[in-house]
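In our numbering, the protein residues as written are 147 to 374. Each residue gets a CB set at the ideal place from its N, CA and C atoms; glycine is no exception. All values derive from a computational prediction rather than experimental measurement. Below: the structure, in structure tokens.
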Amino acid sequence: MLELRNAVRHYHQGTRIVEAVRGVSLSVEKGEFVSIMGPSGSGKSTIMHLMAGLDSPTSGQALFMGRDLAAMRDRERAILRRTRLAVVFQFFNLVPTLLASDNVALPLLLGGTPRPVARGKAAEALARVGLADRAGHYPDEMSGGEMQRVALARALVLDAEAILCDEPTGNLDSASSTQVLDLLRSLADDGSRAVVMVTHDSAAGARGDRLVRIRDGKIESIERPSRA
Ligand SMILES: Nc1ncnc2c1ncn2[C@@H]1O[C@H](COP(=O)(O)OP(=O)(O)OP(=O)(O)O)[C@@H](O)[C@H]1O
Ligand SMILES: [Mg+2]
């Protein structure tokens with residue numbers, strides 16, 4: 147479903163070359179929940195962005211359902227992310243001038259879904275992340291954890307086949323964090339979706355079917371945490 151084949155990503159910083167990702171091969175299938183852990187700066191977000199087609203590998207390939215993301219036109223990749231491949235960013239990317247409900251409905255509205263239908267689905271998605279009562283709030287009226295969950299609801303509303311989240315529990319208290327992890331787990335468990343989560347939290351990482359440890363832009367190890 148999602149696959150990196152010997153993906154390399156170099157960035158130029160002035161005269162220096164940063165080797166953010168140095169040859170990563172990883173595939174994630176439907177029904178699977180994969181967590182990615184590693185020190186700050188080890189390349190986790192870059193790996194996620196490559197998998198989502200938000201960034202292109204310097205060499206190697208990133209595939210979605212067997213198709214090379216870099217070979218698609220920008221428009222096709224944009225549509226893909228609005229329909230089948232949802233991304234929850236580390237820094238939320240909420241639109242500050244839109245209510246929580248409209249932030250969540252946005253990908254549907256952009257795709258041409260009629261407003262009442264989009265509103266209804268947004269309300270459902272907000273309820274799933276425990277924020278039914280925050281639909282009428284603006285992002286700056288919410289806590290970091292609430293904004294994080296709005297960002298997750300915005301990914302859920304698409305009913306995408308692949309969901310990639312960068313630190314989805316980073317700002318959450320333990321009750322909200324458990325709720326989000328249970329939700330991600332159930333999204334994978336129904337067999338129709340691939341879920342990838344980047345996290346610093348080892349308890350969160352252990353909820354994955356596979357836990358991939360990244361160090362210096364490479365896969366250091368892959369563990370199979372036992373499911374409690
Ligand atoms: N757009 C960019 N331009 C230049 N360097 C970048 C860019 N994006 C990332 N890097 C560098 O690539 C390396 C990996 O960054 P990345 O964001 O993938 O790390 P990370 O593991 O997600 O870290 P964190 O846990 O702090 O989020 C870092 O050294 C970073 O400075
Ligand atoms: Mg990161």
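Do residue i and residue j have their CB atoms nearer than 8 Å?
i    : j    : result
A246 : A224 : no
R356 : R370 : yes
A208 : A217 : no
A198 : V170 : no
V167 : R151 : no
G184 : R359 : yes
S181 : A350 : yes
A297 : N239 : yes
S188 : D362 : yes
C311 : M288 : no
L318 : G354 : no
R219 : A306 : no
Report the option in the options whose CA atom is closest to the CA atom of residue i.
i    : options                : result
R228 : R339, L327, L304, L329 : L304
F210 : T345, V341, E149, G316 : E149
A269 : P285, T192, D248, G316 : D248
M293 : E175, V250, R265       : V250
Q236 : T345, Y284, V341, R213 : T345
T336 : E175, T192, A232       : Residue identity differs from the one stated: residue 336 is Asp in this sequence, not Thr. When only C-alpha atoms are compared, the closest one is E175.
A278 : S323, R295, D286       : R295
S348 : V341, S322, G316       : G316
K190 : E165, G212, R213       : E165
A232 : I368, V341, H158       : V341
Helix, strand or coil for residue i? Go by DSSP, reduced to three states.
i    : result
G169 : strand
R274 : helix
E369 : strand
M183 : strand
L304 : coil
A281 : coil
D286 : helix
S323 : helix
E149 : strand
S205 : strand
L200 : coil
Q294 : helix
D312 : strand
V174 : strand
M194 : helix
R213 : strand
Below 8 Å on the Cβ atoms is my contact criterion, and I expect residue i with residue j to pass it. Report the Cβ-Cβ distance as a whole number of Å.
i    : j    : result
P314 : V234 : 6 Å
I365 : L196 : Their Cβ separation, rounded to whole angstroms, is 13 Å, which puts I365 and L196 out of contact at 8 Å.
Q325 : G257 : Their Cβ separation, rounded to whole angstroms, is 27 Å, which puts Q325 and G257 out of contact at 8 Å.
F179 : R331 : 6 Å
L255 : R261 : 7 Å
L302 : A271 : 4 Å
A334 : G177 : 6 Å
* **Contact shell at 6 Å, judged by CB to any heavy atom of ligand 2, ordered along the chain** => Answer in sequence order: K190, S191, Q236, D312.
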